[in-house]
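Residue numbers for the sequence shown follow my numbering, so the first one is -15 and each next one is one higher. C-beta atoms are modelled at their ideal positions from N, C-alpha and C, and glycine is treated no differently.
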Amino acid sequence: MRFSAILYKVNYHRHFQRIWKRQSKLQTPELKIPEELQEMGVFIKDAKEILLETKRFPPAKKSFVPLPIPPSVFDQGTYYFVMHGKIKVSESENQTLALTKTISYQGLPSHLQSLIGVESLPNQDKLVQTSLLQAQVWDGDQFKLPKKVDIKNPGYNFKRAYGTRHKKKVSGLLEKLIFLCDGAIGKYPACLYRDKVMNAFCDLNIERNGASITFQMPCDVLVTSDKPLKKFALPSEVAETEKQDVPNIFPIKPTLDLDKFEEKPPCSSITRFNNRHIHTLFMAQKSFGFWFPKQTLARAIAACFSFAAKEAQMKYGVDIKVLPEPISVQCVYMDIKSFNFLAYQLNTLELDHNDGIKNQVKEYTIFKIIALQIHS
-15 MRFSAILYKV NYHRHFQRIW KRQSKLQTPE LKIPEELQEM GVFIKDAKEI LLETKRFPPA
45 KKSFVPLPIP PSVFDQGTYY FVMHGKIKVS ESENQTLALT KTISYQGLPS HLQSLIGVES
105 LPNQDKLVQT SLLQAQVWDG DQFKLPKKVD IKNPGYNFKR AYGTRHKKKV SGLLEKLIFL
165 CDGAIGKYPA CLYRDKVMNA FCDLNIERNG ASITFQMPCD VLVTSDKPLK KFALPSEVAE
225 TEKQDVPNIF PIKPTLDLDK FEEKPPCSSI TRFNNRHIHT LFMAQKSFGF WFPKQTLARA
285 IAACFSFAAK EAQMKYGVDI KVLPEPISVQ CVYMDIKSFN FLAYQLNTLE LDHNDGIKNQ
345 VKEYTIFKII ALQIHS
């Protein structure tokens, strides 16, 4: 508040002195026994005879409950980890390789490399370009898209764009490319014995170096067949993995970035398909958030391991460790910029240590999608 000239003139000291002179001492009035009580013969006692001023009451002892001690960071509690499709691992594919006891190689297996270019469609390049335009350019949706962010220049403000959502672009392109693949190989009788499972999901529990890990990996399109895939690696190549080392990410643990729970998450029952052998996984990175290519690769490796391990449990039992026969799985994963291929071979589920035979995965980038622009 603003002090005015009148408030400045008020002398609070003299005002306080007048009040203190009048009220500093309590004036006790003389006590008189009411006449009514005297007529009734009520005996009045002096309060000093009952209450002694010198009497002291012993202080009551207060018992304080000790505060709970917070858990120490050195205490190793029992936690359960969950790996799902939205987790971005910090150490990219090396962290997933260490988590699944897998060794990575570049290139495709020889018998798959020989199949490239064997089958093709008339005007194949034109059909692929048309599919790309239909999924990303010719769609009539006009939704408000998320704001763009430049990693090298975060302060730059992009103009807000409208168009087709990222999820619809990627899923639409994947659907159209699968349709072209069906048209190219539909003449083979073996294709009649294959099924497609849309939006498949794998729920798997394993033990890795004493930690309980649950894989909850999705798959956009799962192709199953009546016969298993051939082995991607020879027995001699599998035996050589005993001398090779799993990627070492020390001091980081492979369970970094995984969701951690104090209670074990429930695991769904084993799903049975008409064709029980897993053939190919088709996965699309639909989230608009920025993913490094290595993080997308790590997600695909985790999905291949989980589906292959689930098939091993369906064949040989839930407690299987040493597989009688390796299980091979193919995976095609893509995002808005690239189209990649994986060949995964599950050789063992003995994940308590890093010694012995390891699992194998081979990586191959088929092509990179070129962004097309239409100018008016």
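- Of 315, 83, 245, the smallest CA-CA separation from residue 61 is found for 245.
- Fewer than three Cβ pairs drawn from the region 111 to 123 and the region 230 to 238 lie within less than 8 Å of each other, which leaves the two stretches out of contact.
- If you keep only unbroken beta strand (DSSP E) runs of at least 3 residues inside the region 46 to 120, you get 64 to 68, 86 to 90.
- Here residue 175 is exposed. Its C-beta has fewer than 16 other C-beta atoms within 10 Å.
- With respect to the C-alpha of residue 67, the residue from 322, 328, 187 having the closest C-alpha is 187.
- Segment contact: the region 285 to 294 against the region 76 to 91, three or more CB-CB distances shorter than 8 Å; contact assigned.
- The residues 73, 282, 285, 286, in chain order, have a CB closer than 7 Å to that of residue 80 in the same chain once the five nearest residues on each side in sequence are set aside.
- When 89, 299, 28, 185 are compared, the shortest CA-CA separation from residue 202 is found for 185.
- For residue 311, the number of other beta carbons within 10 angstroms of its own is at least 16, and it is reported as buried.
- When the five nearest sequence neighbours on each side are left out, the beta carbons in the same chain lying within less than 6 Å of the beta carbon of residue 181 are those of 206, in order along the chain.
- With 16 or more other Cβ atoms from the protein chains shown falling within 10 Å of its own Cβ, residue 200 counts as buried.
- With contacts defined as CB atoms closer than 8 Å, residue 109 and residue 152 fail to qualify as a contacting pair.
- When only Cα atoms are considered, residue 2 and residue 9 end up about 13 Å apart.
- Taking residue 306 as reference, the option from 241, 4, 330, 270 with the minimal CA-CA separation is 330.
- Burial check for residue 172: the Cβ neighbour count within 10 Å stays below 16, so the residue is exposed.
- Between residue 168 and residue 105, the CB-CB gap stays under 8 Å.
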